[in-house]
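In what follows, a structure is listed as structure tokens, so that the remarks can point back to it.
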Amino acid sequence: MIQTEQALRLTIFVGADDRWHHKPLHHEIVRRAREAGLAGATVLHGSEGYGRSAMIHTTRLLSLTEDLPLIVIIVDGVDRVRGFLAQLDDLVTEGMVLLDEVEVVRYPRKPTE
644 MIQTEQALRL TIFVGADDRW HHKPLHHEIV RRAREAGLAG ATVLHGSEGY GRSAMIHTTR
704 LLSLTEDLPL IVIIVDGVDR VRGFLAQLDD LVTEGMVLLD EVEVVRYPRK PTE
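Last residue of the sequence shown: 756 (the numbering used here), numbering continuous.
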């Protein structure tokens, strides 16, 4: 039986070169999300993008920069995600965060034959 529920999607845009205490920032965000008991986190690596500086970050061979875009996506209940935002205040010094109301469709685990 398929189940649906309302949730909040937290999308965090950072750069691959962004650091927190000499470690990759996205690793710390995922670690803290897990520690906070959030349902899950996914990191997506971008191959090209630009932000406020308008400098294009790309994987092309002749590029002068390698600070590729990363997106960390977390989906959980509204209260749990909003409660996690305070963690980001300590971590993210530059970047952008999106909050979207989403409907989650859960498929139950099927018994193995």
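Built from N, CA and C at the ideal position, the CB exists for glycine as well. Computed from a predicted structure; not experimentally measured.
If you compare the alpha carbons of D743, E746, Q730 and V748 with that of R674, the shortest gap goes to Q730. Of the candidates R752, E744 and K753, the residue whose Cα lies closest to the Cα of E648 is E744. C-alpha of R725 to C-alpha of D733: approximately 15 angstroms in a straight line. Taking C-beta separations shorter than 6 angstroms and ignoring five residues to either side along the sequence, the partners of A676 in its chain run A684 and I717, following chain order. Judged by DSSP in its simplified three-state form, E678 adopts helix.
For G726, the enclosing alpha helix (DSSP H) covers residues V721 to L734.
For I655, the uninterrupted beta strand (DSSP E) run begins and ends at Q646 to G658, by DSSP. Secondary-structure assignment with DSSP links R752 through no beta bridge to anything. CA-CA distance, M644 to E746, rounds to 16 angstroms.
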